[in-house]
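S.K.: Residue numbers (the working numbering): 50 to 180.
(1) Rank 152, 169, 176 by C-alpha distance to the C-alpha of residue 71 and give the top, closest one.
(2) What's the call for residue 113, buried or exposed, on a 16-neighbour Cβ count within 10 Å?
(3) Where residue 89 and residue 60 are concerned, what is the direct C-alpha to C-alpha distance, given to the nearest angstrom?
(4) Just how far apart, CA to CA, sit residue 140 and residue 102?
(5) With distances taken between CB atoms, is the gap from residue 45 to residue 177 smaller than 8 Å?
(6) Go to residue 141, then tell me how far its alpha helix (DSSP H) extends in each direction, as first and last residue.
(7) Hey, how far is the Cα of residue 104 from the Cα of residue 174?
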């Protein structure tokens, strides 16, 4: 009877440890997913800006030909705002990653190579200055 109670407690502890690791890993994953979505917005805006500069008329249009009612200057500002947002989201992802590593180490897990490969934090982006 006593051994069964002890085994149940051990199982509960292992289940809780797995749950904590899953939650901290998921928080890193979600932060990186948000980072990727912001990066796609930046890439789309840069592509639109490239098209406007190549056409030489200062009009901006999307890749499918839709005209946008914004100047290249406004597009520059929007891209830089998104880059700022990206860098803030990157810092948040770094913090989530740091907490994940701390959680793993607190549980006795010392090797993090697979975690480093899975949850790679991209480098910081620089604001664009001119075209």
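Glycine residues also receive a C-beta, built at the ideal position from the N, C-alpha and C atoms. None of these values were measured; they are calculated from a predicted model.
M.R.: So, from the listed chains and residues:
(1) Check the Cα spacing between residue 71 and each of 152, 169, 176: the tightest is with 152.
(2) Note that residue 113 scores 49 on pLDDT, short of 50, meaning its location in the model is unreliable and no value can be drawn from it.
(3) Annotation: residue 89 to residue 60 spans about 43 Å, alpha carbon to alpha carbon.
(4) Roughly 32 Å between the two C-alpha positions.
(5) One cannot answer for residue 45 here, as it falls past the ends of the chain, which runs 50 to 180.
(6) Start and end: 121-155.
(7) Each residue's Cα considered, the two are about 26 Å apart.
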